[in-house]
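>
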Amino acid sequence: MTLSAPKPPSRAELFYALAENPYIPGLLKRYGLCLKDLQHLFGEAAEHYRSLEQDYWTLFVDGASRGNPGPAGAGAVLRDSQGQIRAEVRDYLGKATNNEAEYRALQMGLEAAQRLGVRRLYIFSDSKLVVEQLKGGYQVKSPNLKPWWEATRILLKKLDAYAISHVNRGQNQEADRLANEAIDQKSKVDYNLLKRAVSE
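Sequential numbering from 756 applies to the sequence shown in this note's numbering.
1) Under three-state DSSP, which class holds R875?
2) Alpha carbon to alpha carbon, how far is Q837 from N853? Give it in angstroms, no decimals.
3) Looking at the structure shown, is G838 part of a helix, part of a strand, or coil, going by DSSP?
4) Applying the 10 Å Cβ sphere with the 16-neighbour rule, what's the burial state of N899?
5) Looking at the strands, I want to know which residues DSSP matches up with H795.
6) Going by the CB atoms, is the gap between G822 and A829 shorter than 8 Å?
7) Return helix, strand or coil for P902, following the three-state DSSP convention.
8) Just mark Y778 as buried or exposed, buried being the case when its beta carbon has 16 or more other beta carbons within 10 Å.
9) With distance defined between alpha-carbon atoms, name the residue in A860, K890, Q869 nearest to I919.
10) Quick check on Q894: buried or exposed, where buried means 16 or more other Cβ atoms within 10 Å of its Cβ?
11) Closest to K941 by C-alpha separation, out of A827, R875, I878, would be which residue?
12) Can W903 and E866 be called in contact, C-beta distance under 8 Å?
13) Helix or strand or just coil, what does DSSP make of K913?
14) Counting along the chain, where does the alpha helix (DSSP H) carrying G864 start and finish?
15) Three-state secondary structure (DSSP) at G781?
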C-alpha cells in the first residue's frame, strides 16, 4: 500500500478551527470576553499564516547504502507550494554509510531549492538520526558525520524559514527510488534536471 505524503503543519488551519470551535463561547463567557472579537482575531491570524504557508515548498530526501558502508546513493524530490514536482535529483556517492548518504540527499535538495530561489521549506526525511541531529535533539558524536552536519547547517541558514520532520519509509518512496537508482546507474548529480522539471 502506498501512503500519501504527510501534510505540512498548518497554523492557518489551527486558527480557522479555533474560530469555529464550540468550546470557545463557554470559555469566553467564563472570562468575560467577546466571542465576535476573538473570532475576528483568530480570523486575522489565520489569514496571516495562510499567506505565509503559500510560499512554502516541500523537500523529501533519502539516502541508501548497500553494505553500510558500501555503494551509496542519495535522492531528493522538491515540490512547489501547489504540490507539483519541480526537481528530482540523485547522486552516486561511491562507498559511504547510510547516514552520510542521508546528509548528502538533504544537502543536494537544499542546493536544488537554492537554485530555484526557494526561501521557505518543509523538509521530510526518514532518518530519525539526521532529523534529530539537525533539530538539536541528538548530539553529533561521529567524527565522520560532523562535517556533513556542519555543511548542512550552513545551507539551512540560507533559508528564511524551514521545518524539518521525520516520516516513515512508506511516505518517502519517491526519494528512496532516486537514491537506489543512483546506486544502480552510478549516476552523478545533474542539476540540469531542475531546468527540465521547471519548464514542463
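In this text, a Cβ means the ideal position worked out from N, Cα and C, and glycines have one as well.
This is what the structure holds:
1) Numbered from 1 along the sequence shown, position 120 holds the residue referred to as residue 875. In the structure shown, the three-state DSSP call for R875 is strand.
2) Within the sequence shown, numbered from 1, the residue matching residue 853 stands at position 98. Within the sequence shown, numbered from 1, the residue matching residue 837 stands at position 82. Cα-Cα distance, rounded: 31 Å.
3) Stepping through the sequence shown from its first residue, residue 838 is reached at position 83. Taken through DSSP and simplified to helix, strand or coil, G838 comes out as coil.
4) As a first step, residue 899 is located in the sequence shown; it is residue number 144 there, counting from the start. Exposed.
5) Taking the sequence shown and counting its residues from 1, one reaches residue 795 at position 40. Beta-bridge pairing links H795 to no other residue.
6) The sequence position of residue 829 within the sequence shown is 74, counting from 1. The sequence position of residue 822 within the sequence shown is 67, counting from 1. It is not a contact, given that the beta carbons lie outside the stated cut-off.
7) If you number the sequence shown from 1, residue 902 lands on position 147. In this structure, P902 counts as helix in the three-state DSSP scheme.
8) Position 23 of the sequence shown holds residue 778. By the 10 Å Cβ count, Y778 comes out exposed.
9) Counted from its first residue, the sequence shown places residue 919 at position 164. Residue K890 is the option with its Cα nearest to I919.
10) Within the sequence shown, residue 894 is the residue found at index 139, counting from 1. Around the CB of Q894, fewer than 16 other CB atoms lie within 10 Å, so the residue is classed as exposed.
11) Locating residue 941 in the sequence shown gives position 186, counting from the first residue. Among A827, R875, I878, the Cα nearest to that of K941 belongs to A827.
12) Start at 1 with the first residue of the sequence shown, and residue 903 comes out as number 148. Start at 1 with the first residue of the sequence shown, and residue 866 comes out as number 111. Cβ atoms of W903 and E866: not closer than 8 Å.
13) Against the sequence shown, residue 913 aligns to sequence position 158. Three-state DSSP puts K913 in coil, outside helix and strand.
14) Position 109 of the sequence shown, counted from the start, is the residue given in the question as residue 864. Its alpha helix (DSSP H) spans residues 853 to 870.
15) Here residue 781 is taken as the residue at index 26 of the sequence shown, counted from 1. Residue state, collapsed to three classes: helix.
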